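K.L.:
Residue numbers (this note's numbering): 24 to 276. I have a structure here, written as structure tokens, and I will follow up with some questions on it.
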């Protein structure tokens with residue numbers, strides 16, 4: 024044919040008698056049959072590549088499988104066809120090699136907790152090679168890190184122990200704060216009987232408002248420092264006998 028059509032996202036490599044002539048831009052172009060040949064059609068869109076699972080040992084000798092996805096794009100079509108025989112295969116092989124190398128240099132905690140950082144390092148490592156054949160790596164994302172079930176149970180127990188440790192520390196800190204607050208309140212009530220009595224009345228009011236109290240606090244003669252003391256059976260009997268004793272002691276009219 025004497026003409027060809029290039030799509031918007033493509034570039035055609037036109038060769039004249041085996042020599043590279045030019046990269047044809049989008050649109051209609053003319054060529055001489057037998058003299059001009061289009062040997063490559065380069066796609067300039069971003070290509071997503073699902074990297075197969077790569078097995079390896081981490082730096083702390085734990086076997087894992089890593090899944091990743093890579094996004095790359097041809098920026099220099101001429102370099103992509105002249106500097107490498109298959110830029111797709113070259114880019115993907117470099118991704119496989121980079122992932123296996125990164126697994127061996129990282130610990131399990133880094134693989135699980137610093138995926139963004141590892142993805143950035145993988146992108147930079149792959150792009151060092153891909154730049155030679157006109158390919159730009161936009162991003163590499165670590166999708167999943169798979170470990171054995173036995174190790175998963177051990178990791179879960181370790182995480183649970185870590186959470187329990189943090190909970191105990193927080194509880195101890197709360198106890199310290201509560202003790203400090205109680206000591207400060209005691210210093211404020213020390214020597215101020217009126218304030219202590221007002222506080223005792225508030226406590227009694229709160230207990231009555233809740234409606235779930237099982238003990239009754241009544242001010243008695245045994246009250247110390249304005250605080251109410253709860254009445255037991257013996258105290259109740261004493262309160263009931265007191266009016267009778269008073270009546271016996273009273274002189275007859």
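Cβ atoms here follow ideal geometry from the backbone N, Cα and C, with glycine treated the same way. What you are looking at is a predicted structure, and each value in this text was computed from that prediction instead of being measured.
Using a Cβ-Cβ cutoff of less than 8 angstroms, which residues in the same chain neighbour residue 64 once the five nearest sequence positions on both sides are dropped?
P.N.:
Closer than 8 angstroms at Cβ, skipping near neighbours: 33, 34, 35 and 36.
K.L.:
Report the CB separation of residue 97 from residue 169 in whole angstroms; it is logged as a contact under 8 angstroms.
P.N.:
The Cβ separation is near 32 angstroms, so there is no contact.
K.L.:
Taking 7 angstroms as the threshold (C-beta atoms), are residue 121 and residue 149 in contact?
P.N.:
Cβ distance < 7 angstroms, so residue 149 and residue 121 count as in contact.
K.L.:
Would a C-beta distance cut-off of 7 angstroms place residue 60 and residue 38 closer than the cut-off?
P.N.:
Their beta carbons are under 7 angstroms apart, which means residue 60 touches residue 38 by this criterion.
K.L.:
Below 6 angstroms CB to CB, which residues in the same chain sit around residue 47 once its five sequence neighbours on both sides are set aside?
P.N.:
Excluding residues within five positions, the ones whose Cβ falls inside 6 angstroms are 29, 35 and 37.
K.L.:
Leaving aside the five residues before and after residue 125 along the sequence, list all residues of the same chain whose C-beta is less than 7 angstroms from its C-beta, in chain order.
P.N.:
For residue 125, where only same-chain residues beyond five positions count, the Cβ hits under 7 angstroms are 141, 144 and 145.
K.L.:
Apply the 10 Å Cβ neighbour rule to residue 244 and answer buried if 16 or more other Cβ atoms are within range, or exposed otherwise.
P.N.:
Per-residue confidence for residue 244 stands at a pLDDT of 47, beneath the threshold of 50, marking its modelled position as unreliable; the derived number appears in the next sentence. Answer is exposed; the Cβ neighbour count stays below 16.
K.L.:
Tell me whether the beta-carbon of residue 103 lies closer than 7 angstroms to the beta-carbon of residue 156.
P.N.:
Yes, they are a contact pair.
K.L.:
Whole angstroms are fine: how far does the CA of residue 159 sit from the CA of residue 45?
P.N.:
In a straight line, the C-alpha of residue 45 is about 21 angstroms away from that of residue 159.
K.L.:
Tell me whether the beta-carbon of residue 163 lies closer than 7 angstroms to the beta-carbon of residue 138.
P.N.:
Contact flag unset, no.
K.L.:
Would you give the residue range spanned by the alpha helix (DSSP H) that residue 117 belongs to?
P.N.:
Note, residue 117: alpha helix (DSSP H), 110 to 128.
K.L.:
Given this structure, state the Cα-to-Cα distance separating residue 69 from residue 94, to the nearest angstrom.
P.N.:
Their Cα atoms are separated by approximately 6 angstroms.
K.L.:
Hey, how far is the Cα of residue 31 from the Cα of residue 50?
P.N.:
Those two C-alpha atoms are separated by around 8 angstroms.
K.L.:
Answer with buried or exposed for residue 77, where buried requires no fewer than 16 other C-beta atoms within 10 angstroms of its C-beta.
P.N.:
By the 10 Å Cβ count, residue 77 comes out buried.
K.L.:
So, with DSSP's three-state summary, where would you put residue 65?
P.N.:
Strand, per DSSP.
K.L.:
With a threshold of 16 other CB atoms inside 10 Å of the CB of residue 129, please say whether the residue is buried or exposed.
P.N.:
By the neighbour-count rule (16 or more Cβ atoms within 10 Å), residue 129 is buried.
K.L.:
How is residue 159 classed by DSSP in three states: helix, strand or coil?
P.N.:
Here residue 159 sits in strand by DSSP.
K.L.:
Taking 7 angstroms as the threshold (C-beta atoms), are residue 79 and residue 123 in contact?
P.N.:
In contact: residue 123 and residue 79 (Cβ atoms closer than 7 angstroms).
K.L.:
Could you say which of 177, 230, 216 and 147 lies nearest to residue 8 if we only look at CA atoms?
P.N.:
Since the displayed the chain opens at 24 and closes at 276, residue 8 lies outside it and no answer follows.
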